[in-house]
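Visitor: Chains as they are written, first to last, in the working numbering: chain A, 1 to 222; chain B, 1001 to 1296.
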Amino acid sequence: MWKSVAYKEWLKIRWFFILSTIFGVLAVGYIFLKVQYDFKFNDPNNYWYVLLFMKVKYFSILKFVPLIIGFAVSVTQYFPETVDKRIKLTFHLPINENKILLIMMLFGTACLLASSTLLTLIFYVLSTIYFPVDIIIPALISITPWLLSGFAIYYLVAFIILEPMWKYRLFYLVFASAIFPIFLESSIAGGFAPVNMSLAVLVIGLSISLLFSGYRFRKGEQ
Amino acid sequence: MGNNAIECNNLTHYYGNKMVYENLNIHVKEGSILGLLGKNGTGKTTTINILNGFLQPRNGECLIYGENSQHLTPATKARIGFLIEGHIQYAFMNIHQIEKFYSGFYKRWDKEPYWELMSKLKVGKNQKISTMSCGQRSQVALGLILAQDPDLLILDDFSAGLDPGYRRLFIDYLREYAKTKRKTIFTTSHIIQDMERLIDDVLIMDYNRVLAQRNVHEFMRDFKQFYFEVEAPAINLSNEEFVANFEKIHNKIEIYTYESEKFVKGYLKKKGIAHTNFKKIEMGLEDAFIGLTGKY
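This is the structure in structure tokens:
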């Protein structure tokens, strides 16, 4: 049963997921091409000074990458369920309706986790070539809310897409617009350390929001 | 008397202030095929949605195999095959992928009838369902239901978008399957002439009420149409108790009734209504449906 659900979800998202993850890998690659360039053509001492003491982020381009991946996965996974109300087919499967939504959500989460882990690993490994731990750790702290934003947008888009009524979708959109910018606040490298845990808790809370949209659909709010 | 596969008691539903129906009672015996007929807006799809748990009625309940349709257990859902209006399926899959997907959910999955139907379709191995014709999609949806081997089939307007050949293929497969394996079917269709070949029992709904719920052959035997021409066109029999429906164009009268020819002739004689060309008109199910519900 789990395998069958995962199979269906994979068929929906595979190309967009693979392409957006490749885009993410290319973005990380671009960061280090730029770093290599700066090392070669600028004064390395000055470059390190800027990174260490002025807390400038050499990886800013990563900011919107998880968001793009999360958005792509969510739209490609949940939008096909709403076309011709195909979600009826999903809810009719011999499995509890909330459970199947949670399995779908967990599948998407696992995919995002895989792409986030891959991007973080590549980022970390390439960072160790050029930088000491004193620069890498703040960098990892800084990209954490961006990675979390990918999960947050994934859950919020699912919440909005599965909602059966446009009026409520707009209301949810306003709600999402109010909380989402928190993940993308500008800060110096490592500046997000105190709030990362809170953001993670918020993301976990958002993860089950699609159950509410599913419940409203089943009660006939159309 | 067999058990009921479906039992709806005192079903009441409104959309806002607009009543769809009040205190509707439906019983579908196990092993029977019931056709729900009604004009647009009489609540056919509403009933299907309530049965599948996609709509909460304002009052009353539907029981499927004794379980409230709003809270069906996975085991009971596995016993129900559901065809959505328009033969909707996961259109991003091809016929192999969709068979593989569904087979993981049903213990009684039997892929043979599915592939037997697919072999009749001229579709490519990797052709997505989204690129198939409506007729081909109907065969995919039907094949999946047959492979699921459910005890109860709920079919929402199965004939929508199908040409006559595919409609006939769909009905013949379905009736043979249901009768051989003693399956129960609850179905709606806009094309009523199709139903005649398929159903055992008929439920005819009008706005806010049920007009008939009985065996279709008994209904066709008992419900009659009489035609005659009158000398005084001002006549109006629509309020007579025995008249189910009364249609008049100039001096040409059509009466729909459950009463006999003898009764109607006797009535006309008793009331002194002069008439000519009195005859009983043979009706198909569609004629009887229109006769009972009216043309408007």
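For glycine and all other residues, C-beta sits at the position ideal for the given N, C-alpha and C.
1) When you compare only the Cα positions, how much space is there between residue 1264 of chain B and residue 1288 of chain B?
2) Taking the beta strand (DSSP E) that residue 1291 of chain B falls in, what are its first and last residues?
3) Going by other Cβ atoms of all chains shown within 10 Å of its Cβ, with 16 needed for buried, is residue 174 of chain A buried or exposed?
4) Skipping 5 residues on each side, what residues in its chain have a beta carbon closer than 7 Å to that of residue 1137 of chain B?
5) How would you write the range of the beta strand (DSSP E) that residue 1015 of chain B sits in, first residue to last?
6) Beta-carbon separation of residue 151 of chain A and residue 109 of chain A under 9 Å?
7) Can you tell me the Cα-Cα spacing of residue 1107 of chain B and residue 1040 of chain B, whole angstroms?
8) Less than 8 Å between the CB atoms is what I'm expecting for residue 1216 of chain B and residue 1200 of chain B, so what's the real figure, rounded?
9) Residue 1104 of chain B touches chain A at which residues, Cβ-Cβ below 7 Å?
10) Name the DSSP bridge partner or partners of residue 1201 of chain B?
11) Can you pull the chain A neighbours of residue 1100 of chain B, defined as C-beta to C-beta under 9 Å?
12) What residues of chain A sit near residue 1074 of chain B, judged by a beta carbon separation below 7 Å?
13) Does the beta carbon of residue 1088 of chain B come closer than 9 Å to any beta carbon on chain A?
14) Just the C-alpha distance for residue 1017 of chain B and residue 1057 of chain B, rounded to the nearest angstrom, thanks.
15) Which residues of chain B have a Cβ atom closer than 9 Å to the Cβ of residue 230 of chain A, listed in chain order?
16) Work out the CA separation of residue 1238 of chain B and residue 1213 of chain B for me, nearest whole Å.
17) At 8 Å on the CB atoms, spell out the chain B contacts of residue 12 of chain A, in chain order.
18) Tell me, please, whether the stretch 133-143 of chain A touches the stretch 15-35 of chain A by the rule of three or more beta-carbon pairs shorter than 8 Å.
19) Output yes if chain B places a C-beta closer than 9 Å to the C-beta of residue 218 of chain A; else output no.
20) Roughly how many whole angstroms lie between the Cα atoms of residue 125 of chain A and residue 135 of chain A?
21) Could you please tell me which residues of the stretch 58-91 of chain A, in chain order, have their CB closer than 8 Å to any CB of chain B?
22) Assuming residue 1195 of chain B contacts residue 1035 of chain B under a Cβ cut-off of 8 Å, what Cβ separation, rounded to an integer in Å, is found between them?
23) Quick check: the stretch 154-172 of chain A against the stretch 78-91 of chain A, are at least 3 beta-carbon pairs closer than 8 Å?
24) Can you check DSSP and say which residues form a bridge with residue 1249 of chain B?
25) Could you have a look at residue 1019 of chain B and say whether DSSP puts it in helix, strand or coil?
26) For residue 1114 of chain B and residue 1147 of chain B, which I take to be in contact (beta-carbon distance under 8 Å), what is that distance rounded to the nearest angstrom?
27) Between which two residues does the alpha helix (DSSP H) containing residue 68 of chain A stretch?
28) Report the residues of the stretch 1046-1063 of chain B with a CB closer than 7 Å to any CB of chain A, ordered along the chain.
29) Select from the stretch 1113-1138 of chain B all residues with a C-beta closer than 8 Å to any C-beta belonging to chain A, and list them in chain order.
30) Count the other C-beta atoms from every protein chain shown that fall within 10 angstroms of the C-beta of residue 1050 of chain B, then say buried if there are 16 or more, exposed otherwise.
31) Hey, is the stretch 1057-1072 of chain B in contact with the stretch 1003-1013 of chain B, meaning 3+ C-beta pairs nearer than 8 Å?
32) Just checking, does the stretch 51-58 of chain A make contact with the stretch 92-103 of chain A on the three C-beta pairs under 8 Å criterion?
33) Can you find a C-beta in chain D that's less than 9 Å from the C-beta of residue 1191 of chain B?
34) I'd like the list of long-range same chain contacts for residue 1046 of chain B, defined as Cβ closer than 7 Å, with 5 residues on each side in sequence excluded.
35) Comparing alpha-carbon positions, which option in B:1052, B:1092, B:1283, B:1100 lies nearest residue 1225 of chain B?
36) By how many angstroms is the C-alpha of residue 156 of chain A removed from the C-alpha of residue 1104 of chain B?
Guide: So, from the listed chains and residues:
1) Straight-line spacing of the CA atoms in residue 1264 of chain B and residue 1288 of chain B works out to 18 Å.
2) In the DSSP assignment, residue 1291 of chain B falls outside any beta strand (DSSP E) and within the unbroken alpha helix (DSSP H) covering 1285-1293.
3) By the 16-neighbour rule on beta-carbons within 10 angstroms, residue 174 of chain A is exposed.
4) Correct list, in chain order: 1087, 1089, 1129.
5) Residues 1004-1015.
6) Result yes, Cβ atoms of residue 151 of chain A and residue 109 of chain A sit closer than 9 Å.
7) Their Cα atoms are separated by approximately 37 Å.
8) Between residue 1200 of chain B and residue 1216 of chain B the Cβ distance is about 6 Å, and since that is below 8 Å, they are a contact.
9) Near residue 1104 of chain B (Cβ distances below 7 Å), the residues of chain A are 1, 3, 4.
10) Paired residue(s): B:1034, B:1215.
11) What residue 1100 of chain B touches in chain A: 4, 7.
12) Neighbours of residue 1074 of chain B in chain A, taken as residues whose beta carbon is under 7 Å from its own, are 94, 95, 96 in chain order.
13) Contact of residue 1088 of chain B with chain A is assigned, a C-beta pair being separated by under 9 Å.
14) In a straight line, the C-alpha of residue 1017 of chain B is about 14 Å away from that of residue 1057 of chain B.
15) Nothing can be reported for residue 230 of chain A, as the shown portion of chain A is limited to 1 through 222.
16) If you take the alpha carbons of residue 1213 of chain B and residue 1238 of chain B, they lie about 22 Å apart.
17) Those are 1092, listed as they occur along chain B.
18) No: the two stretches stay apart, fewer than three of their Cβ pairs being nearer than 8 Å.
19) For residue 218 of chain A, the answer is yes, since a Cβ of chain B falls inside 9 Å of its Cβ.
20) Roughly 13 Å separates the two Cα atoms.
21) So the list reads 80, 83, 84, 85, 86, 88, 89, 91, given in the order they occur along the chain.
22) Contact holds; Cβ gap of about 4 Å.
23) Yes, the stretch 78-91 of chain A touches the stretch 154-172 of chain A.
24) Beta-bridge pairing links residue 1249 of chain B to B:1252.
25) Reduced to three states, the DSSP call for residue 1019 of chain B is strand.
26) Sure, about 4 Å apart at Cβ, within 8 Å.
27) Run containing residue 68 of chain A: 65-82, per the alpha helix (DSSP H) assignment.
28) Only 1049, 1052, 1053, 1054, 1055, 1056 from the stretch 1046-1063 of chain B bring a Cβ to less than 7 Å from some Cβ of chain A.
29) Taking 8 Å as the cut-off between beta carbons, none of the residues of the stretch 1113-1138 of chain B comes near chain A.
30) With 16 or more neighbouring CB atoms inside 10 Å of its own CB, residue 1050 of chain B falls in the buried class.
31) Yes, the stretch 1057-1072 of chain B touches the stretch 1003-1013 of chain B.
32) Under the three-pair Cβ rule at 8 Å, the stretch 51-58 of chain A does not count as touching the stretch 92-103 of chain A.
33) The chain labelled as chain D is not found among the protein chains of the depicted structure, namely A and B.
34) Excluding residues within five positions, the ones whose Cβ falls inside 7 Å are 1013, 1020, 1055.
35) Of the listed residues, the one whose Cα sits closest to residue 1225 of chain B is B:1283.
36) Distance between the alpha carbons of residue 1104 of chain B and residue 156 of chain A is about 29 Å.
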